[in-house]
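Chains as they are written, first to last, in numbering that gives the first Met the number 0: chain Z, 0 to 324; chain P, 0 to 332; chain G, 0 to 499. Idealized CB from N, CA, C, for every residue including glycine. Bear in mind the structure is a predicted one, so any value in this text is a computation, not a measurement. What follows is one structure encoded as structure tokens, with my remarks underneath.
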Amino acid sequence: MDRLRNHPLIKKLGVQRLVITGVLVILFVFFTLMSPSFRKYTTIITMTSYMYYIMLMAIGVTFPLITGGVDLSIGTGLVCYSIVGSYLMRQMGLPIWVAMLVTVGMGVFFGFFNGIIIAKLNLPPFITTLCTMMIVRGLGSILTQSMTGVWPMAGQEGSWFRDLLKYKINGTIYPVGLVIIIILVIIMSMVLNHTRVGRYIIAIGSNKEALKLSGVNVVRWHVMAYVFSGFFAGLAAIAYAGTFTSITPGTGAGFELDAIGGAIIGGTAMTGGSGSIVGTFLGVILISLLKTGLPYIGLQANWQQIITGSIIITAVTIDMIRRRK
Amino acid sequence: MKFALQRFKNLRFVKLIGFNRVVLIAIIFLMYGFFTILTPILRNGSSFVNYNRILSALNYAYFIGFLGLGVTFVIATGGIDFSIGPVMFCSALISGYCLTKFNMPLWLCLFVSVAVGAVFGSIGGYFVAFRHLPSFITSLALMQVAKGVGSIFTKTQSVTWPSGSSAASWYRDLVKWNGIPVGFFIFIAIAALCAVLLYRTTAGRYMLSLGSNKEAVRLSGVDTRRWEMLAYVMSGTMAGVAAIFYVGAYTTVQPGLGDTFNNEAIAACVMGGTSMAGGSASILGTVIGAIIVALMQEGILAMGFTISYQYVLTGLIVLGAVTADIISRKRKN
Amino acid sequence: MNDVILTMKGIDKSFPGVHALDHVDFEVRKGEVHALMGENGAGKSTLMGVLTGIFSKDAGTITYEGKEVYYASPREAQTAGIVIVHQELNMMGHLTVAQNIFIGREWKKGPLIDDARMNEEARKLFALLKIDINPRETMSRLTVGKQQMCEIAKAISHEAKIIIFDEPTAALTDTEIEQLFNIIRDLRQKQYGIVYISHRMDEIKQITDRVTVMRDGQKVGTLITSECTKDDIVHMMVGRVIYEEPKTHSRVPADAPVVLKAEHLYAGRMVQDVSFELRKGEILGFSGLMGAGRTDTARALFGADPRESGDVYVEGKKVNIRSPQDAVREGIGYLSEDRKRFGVVLEKTVAQNSTLASLRHYVKYLGMIDRAAERKVSQEMVKALKTKTPSVDQLVMDLSGGNQQKVVVGKWLISKSKILIFDEPTRGIDVGAKQEIYELMNRLVKEGKSIIMISSEMQEILRMSDRIVVMCEGKKTAEFDIAEATQEKIMSAATREIAV
């Protein structure tokens, strides 16, 4: 076992990530065997479509988690940003790229807002982002007069943004969004592991005082973690609009848990200091696979919530026990 | 001026309930006045002063208040419980389903409601106190579980408790009987019980003390885990009680909802002077806080705004209250 | 002789109530290892704190490389080349060795960090120091000794000229110590100025060139290490006139029953095979230097930390103490050295703190606290202990250190503890209040309580104890009756030579 653990390939990937990959394969095989209707190409398309926005949120929220904090505002945030974007297009006639910019911009703004309050005023991250969660939830409805958000549909002007996720050639749909996701995972992995901002975000979660003593401007980098989270919530807002046809204001609560759950399963510790984007990527796939697969074996969609909840508690408990040792 | 303020602060009544609470009570009256003046201006002659509005605000205050009372215990120990809103709905759904589909006796269903809450509280408490999980993530996860359980139990359908004034709906008399807000008296009575539990019993003493310094309490030979868990059990149980008053007022419950109420209940607590840092809590503050939250909601709707404004305001209020608490703590040290 | 690189002259520093440094002179030369010795509280750390900008000095001058200097923060001192290698390491365990060494000043290649170069530079540093550490290894996976070597490497990479080691060997194994010494010798060769703070006499003899001894905030003298003996140093460390009368003989009758017996306690590295007996009416002093394992022993005995093995007998009966609850039930009370963290609940009142360990006895019905009884008993206790507080409703936060201590004593007396463990009972308490605490302890034993007193103050040990247990590095190294105990004997046992 130890020899296996020290194998260079396994060391590079990490035991936890290998275990998740194994679980993924087993689950996939299980669903395939249990349900004939699961074995379809369209299942994969459905799964990926449902996965994009969770994945984007999860990549972003990994950063606050690594600092030892959390961002609960991303779920209602993405719905808010998305309907504001739609409002700009439909009611104010602005071009789609402006709407996309504003959508992402709002995410960055609220990320910054969270970051300043947490890093500068030292409020607990969970209570701060909970408040932001409430604020953006209401703000979305207020700014758009509670109108349902609708982004350009296929065939309409500006529907090209949907092609970023699903591209149709000769009637076959290709999940091209997956390519974008993989590119983003690679980029953010680089940011986390090979840039200063990533390095300092890990250091904040590991030992904030030591970092301060090394003469690093801790507040600045701490804020950046939340800006990342907000930025990706903005991207997730666009992905959400690309997957779903209409967006109801005031929803979105609970999305953040799928994202946080994905990150925790992927090996990001609630205590901060360690985490990986690739792990988050695998964790989200696992959650999405469960979400898509369970209805095929006869479990109602609502089991997902119970399963997400249980997975989070289990993952955190395991992490706690491992850390005790 | 300063002298007058000092003299006011020294009044016996003011000292008894705390200056901050007096300010909060004043805020209730100010808000009431504010809505009374603005509602006719914004909504063309419609009036805010109306007995039914008070009743409607009270309906909202009850369940927010019960949730707030419960979570006050958890916050006193230095934790947080984000599961109370969905747990309340889960309780209402399961007990309502028992009532309408299984035809169980009403009193038993009310008991089931409280029990469901207690079970959720126990699970959360176990993981936080005995397994040392962070309370916020545990309760968030439980929130999802509660939503899921509620939906599955009722097969994703909303549950409507019996309405009208038949014998089968005597539970509604707990909220309002012949136009008399009975619920208010029950609310005050239960709040008084909570105050006794928190301030006068060993359990409450331990919970408050471990919120300020858990290790010192443990080294005094107290099993802190047990009392920390009890706080979560209280929180869950009160969510079960809140469920009864929610259906008593509104009769219909939908699955998958309830999380907005967490924030309002927490807002009621922190507004009332319960510190997120743990160790100090005010039951009276939570009661007043719940009334403010309810009045605010009633006023916002009366003035013709949507509930969304309530969300934004609650968020800002909690941020403000927690910041103020942190600053005042810093100044003390 | 080598050039003097650092001269501290007439350094004076007072904290409220304490004259921590009384016109101290100190100098460091290039290429020397200069030991700084003294009991806990002698002023070593304060002196180094003044040097590195942690404290500001009240008077005196610091001359470094020929210029008078003043540093406002450790960071300024570090930039100038004066670095402390701390006992508690300031490391980010999740990052790699190289990442830790160069944190805050990473090389960049475009937008990315040049980790390859960092690893290479770290490798060069380690080669220079002749240390075998992989720069890519995660910091938390290294042993404490290796982590410390990384700190040294970090110091050197900062172009330090003076490196201060604060008890560097406390957590190291023998081979690690040997490695560390090789590094230090190497640094000496390379003309670094090294300050070496340690209690271990044999190390001082092995590695240092000169030794400066401090006592009670004053410099006693500087010796050439090779020309002095261990006894010379011990004598300088303890050679103070003891103003208060030390106890000359035990006041415990020879036939007093044993109330507490610990046999072969083991709990982690800091409690290794500790056995002792405590008799009724006795004050058993636990002496030793900081980190000798005395507090660990007390906490293991009290059930605050898990115990690996060993038996505890209370009044001859074997007891199984697995948590503080068990200990309290057996009549043991523990007064922690860190009162604010482990002793009192600062934000609660005197009355509430007083009954914290015995609240279940003050219950009327249904768990309701009998507040009248609670107030009454705490008022009595306040009166009996002469605690200065306006009322029992005062928050403990607002009391002085001595009075907080009395509240904790009261808590255990109210819970009817028979055995009290006082861990550094007078730490952070001013002189007058100290006297009161001593009188109180004497009164308690007269009334039939038994006390274990952990103290790092030699005077306190000699003045209060009937019998003295000395610990060193987690082991019991000596036991004296008060009649035969001397400062020298105790200090010698506390700094026992360790086979290297």
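Partner residues in the beta bridge of residue 33 of chain G, as assigned by DSSP, are G:194, G:209.
Sequence-distant partners of residue 48 of chain Z (beyond 5 residues in either direction) whose C-beta falls short of 6 angstroms from its own C-beta, in its chain, are 242. Residues of the segment 201-219 of chain P that bring their beta carbon within less than 8 angstroms of a beta carbon in chain G comprise 201, 202, 204, 205, 207, 208, 211, 212, 214, 215, 216, 217, 218, 219, in sequence order. Taking the Cβ atoms as the reference, residue 85 of chain Z lies roughly 10 angstroms from residue 248 of chain Z, outside the contact range of under 8 angstroms. Shortest Cα-Cα distance from residue 75 of chain G to any of G:94, G:53, G:228 involves G:53. Along the segment 348-368 of chain G, the positions whose C-beta sits under 7 angstroms from a C-beta of chain P are 351, 355, 356, 358, 359, 362, 366, 367, 368, read in chain order. For the segment 219-251 of chain P, the residues whose beta carbon sits under 8 angstroms from a beta carbon of chain G are, in order, 219, 220, 221, 222. Counting only the Cα atoms, residue 62 of chain G lies some 49 angstroms from residue 265 of chain G.
The Cβ of residue 199 of chain P sits closer than 8 angstroms to at least one Cβ of chain G. Counting only the Cα atoms, residue 180 of chain P lies some 17 angstroms from residue 242 of chain P. In this chain, the beta strand (DSSP E) harbouring residue 218 of chain G covers 217-223. The DSSP assignment places 43-50 as complete runs of the alpha helix (DSSP H) inside the segment 18-67 of chain G, in order along the chain (cut-off: 4 residues). In the same chain as residue 109 of chain Z, and ignoring 5 residues on each side of it, the C-beta atoms closer than 7 angstroms to its own belong to 72, 76, 131, 135, 229, in chain order.
Listed along chain P, no residue sits closer than 9 angstroms to residue 286 of chain Z by beta-carbon distance, the nearest being about 12 angstroms off. Judged by beta-carbon spacing, residue 81 of chain Z lies beyond the 8 angstroms limit of residue 149 of chain Z, meaning their Cβ atoms are not closer than that value. Leaving aside the five residues that flank residue 393 of chain G on each side, the residues in its chain whose CB is nearer than 7 angstroms to its CB run, in chain order, 348, 349. Each of Z:264, Z:287, Z:319 was checked against the Cα of residue 17 of chain Z, and the nearest Cα belongs to Z:264. Residues of chain G whose Cβ lies closer than 7 angstroms to the Cβ of residue 278 of chain P are, in chain order, 346. Of the residues assessed, residue 389 of chain G falls on the exposed side of the cut-off, its CB having fewer than 16 other CB atoms within 10 angstroms.
The three-state secondary structure of residue 328 of chain G, taken from DSSP, is helix. Straight across, the Cα-Cα distance linking residue 168 of chain Z with residue 74 of chain Z is about 33 angstroms. For residue 150 of chain Z, the three-state secondary structure derived from DSSP is coil. Two segments are said to touch when three or more pairs of C-beta atoms, one from each, lie closer than 8 angstroms; by this definition the segment 54-74 of chain Z touches the segment 220-234 of chain Z. Chain P has no Cβ within less than 8 angstroms of the Cβ of residue 267 of chain Z.
With fewer than 16 other Cβ atoms from the protein chains shown falling within 10 Å of its own Cβ, residue 104 of chain P counts as exposed. One finds nothing in chain Z with a Cβ atom closer than 8 angstroms to the Cβ of residue 253 of chain P; even the nearest lies about 13 angstroms away. The shortest C-alpha to C-alpha distance from residue 113 of chain Z to any of Z:35, Z:178, Z:177, Z:224 is the one to Z:224. Chain P places no beta carbon closer than 8 angstroms to that of residue 492 of chain G, leaving this residue out of the contacts.
Using beta-carbon distances, residue 114 of chain Z does not count as an interface residue toward chain G, since no partner is under 8 angstroms.
Annotation for residue 229 of chain G: the continuous alpha helix (DSSP H) segment containing it runs 229-237.
Any Cβ of chain Z closer than 8 angstroms to the Cβ of residue 98 of chain G would place that residue at the interface, and such an atom is present. Within the segment 369-441 of chain G, the runs of alpha helix (DSSP H) that reach at least 4 residues and sit entirely inside it are, in chain order, 370-384, 400-413. Annotation: Cβ neighbours of residue 111 of chain G in chain Z (cutoff 8 angstroms, chain order): 189, 193, 194. Distance from the CA atom of residue 37 of chain G to the CA atom of residue 170 of chain G, rounded to whole angstroms, is 19 angstroms. With respect to residue 67 of chain P, residue 202 of chain P sits apart: the two C-beta atoms are not nearer than 8 angstroms. DSSP places residue 263 of chain P inside the alpha helix (DSSP H), whose first and last residues are 258-270.
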